[in-house]
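Peer 1:
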Amino acid sequence: MTALRRRTSVSRVSSFYRTEPVGHADQPDFYNAVAEIAWDGAPEDLLAALKEIEREMGRVPRFVNGPREIDLDILEFRGLVRSGPDPTLPHPRMAARRFVLAPLAEIAPEWTHPVTGKTAKEMLAELPERPAVRRIRGEH
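Using our numbering, read the sequence shown as starting at 150 and increasing by one per residue.
1. Per the DSSP calculation, residue 158 is bridged to which residue(s)?
2. CA-CA distance, residue 264 and residue 199?
3. CB-CB under 7 angstroms to residue 269, same chain, minus the five flanking residues each way: which ones, in chain order?
4. Give the single residue among 218, 206 and 246 whose Cα lies nearest to the Cα of residue 275.
5. Please return the same chain residues whose Cβ sits closer than 6 angstroms to the Cβ of residue 289, not counting the five positions on each side in sequence.
6. Which of helix, strand or coil does DSSP assign to residue 223?
7. Starting from the C-beta of residue 281, find all residues in its chain whose C-beta is less than 6 angstroms away, skip the five residues before and the five after it, and write them out in chain order.
8. Closer than 8 angstroms by C-beta to residue 197: which residues in its own chain qualify, once you throw out the five before and the five after it? Chain order, please.
9. Evaluate the contact criterion for the segment 219-228 versus the segment 201-210: three or more CB pairs, one atom per stretch, below 8 angstroms.
10. Locate the beta strand (DSSP E) running through residue 179, then write down its first and last residues.
11. In whole angstroms, what is the alpha-carbon distance linking residue 156 and residue 201?
12. Just the C-alpha distance for residue 182 and residue 161, rounded to the nearest angstrom, thanks.
13. Tell me, to the nearest whole angstrom, how far the beta carbon of residue 236 is from that of residue 223; I am working on the premise that it is less than 8 angstroms.
Here it is, written out as structure tokens:
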């Protein structure tokens with residue numbers, strides 16, 4: 150969170166969650182969290198800042214859904230709905246990912262998806278139990 154806090158104000162951060170790998174299964178578990186931030190610029194500028202943090206933290210490009218040191222995504226940006234240019238908003242796969250919705254529902258259970266109209270809590274309740282997600286600790 151330190152790298153993110155150097156670039157913007159962080160309002161809330163979920164606990165950390167340990168998640169079974171999604172996509173390419175032959176890799177270690179993932180660790181996930183969600184943060185609510187205050188960003189004054191455009192979504193493209195935020196995406197560039199997140200990619201810069203990934204590079205600083207040693208992310209090495211490999212293959213889609215393969216092992217990675219860090220992966221930062223924009224889930225939602227001021228209710229914007231758009232398919233391009235990058236970033237696609239809201240994140241196109243967030244409603245199907247327990248590893249996104251569990252931490253999101255922790256800090257913002259009533260947040261409403263701008264396309265489906267469902268809350269984070271409702272979307273989480275609709276997902277299967279696997280891949281498993283387990284809360285491991287708070288951010289602090």
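Where a beta carbon is used, it is the ideal one built from N, C-alpha and C, also for glycine.
Small disclaimer: the values here were computed from a predicted structure and weren't measured.
Peer 2: For this structure:
1. Position 9 of the sequence shown holds residue 158. DSSP lists 187 as partners of residue 158.
2. Numbered from 1 along the sequence shown, position 115 holds the residue referred to as residue 264. Numbered from 1 along the sequence shown, position 50 holds the residue referred to as residue 199. Cα to Cα, the separation comes out at about 24 angstroms.
3. Start at 1 with the first residue of the sequence shown, and residue 269 comes out as number 120. So the qualifying residues of the chain are 250, 253, 254, 257, 258 and 260.
4. For the purposes of this step, residue 275 is identified with residue 126 of the sequence shown, where counting begins at 1. Residue 246 is the option with its Cα nearest to residue 275.
5. Residue numbering aside, residue 289 sits at position 140 when the sequence shown is read from its first letter. In this predicted model, residue 289 has a pLDDT of only 45, less than 50, meaning its place in the structure is not dependable; the value taken from the coordinates is given anyway. There are no such residues.
6. For this step, residue 223 is matched to residue 74 along the sequence shown. Residue state, collapsed to three classes: coil.
7. In the sequence shown, the residue the question calls residue 281 occupies position 132. The answer, listed in chain order, is 169.
8. As a working mapping, residue 197 is identified with position 48 in the sequence shown. The answer is none, since no qualifying residue turns up.
9. yes
10. In the sequence shown, counting from the first residue as 1, residue 179 sits at position 30. Here the beta strand (DSSP E) through residue 179 covers 179-181.
11. As a working mapping, residue 156 is identified with position 7 in the sequence shown. As a working mapping, residue 201 is identified with position 52 in the sequence shown. The alpha-carbon atoms of residue 156 and residue 201 are separated by roughly 11 angstroms.
12. Translated into the one-based positions of the sequence shown, residue 182 becomes position 33. Translated into the one-based positions of the sequence shown, residue 161 becomes position 12. Approximately 11 angstroms, taken between the alpha carbons.
13. What you label residue 236 is simply residue 87 of the sequence shown in a count that begins at 1. What you label residue 223 is simply residue 74 of the sequence shown in a count that begins at 1. Right, their Cβ atoms sit about 5 angstroms apart.
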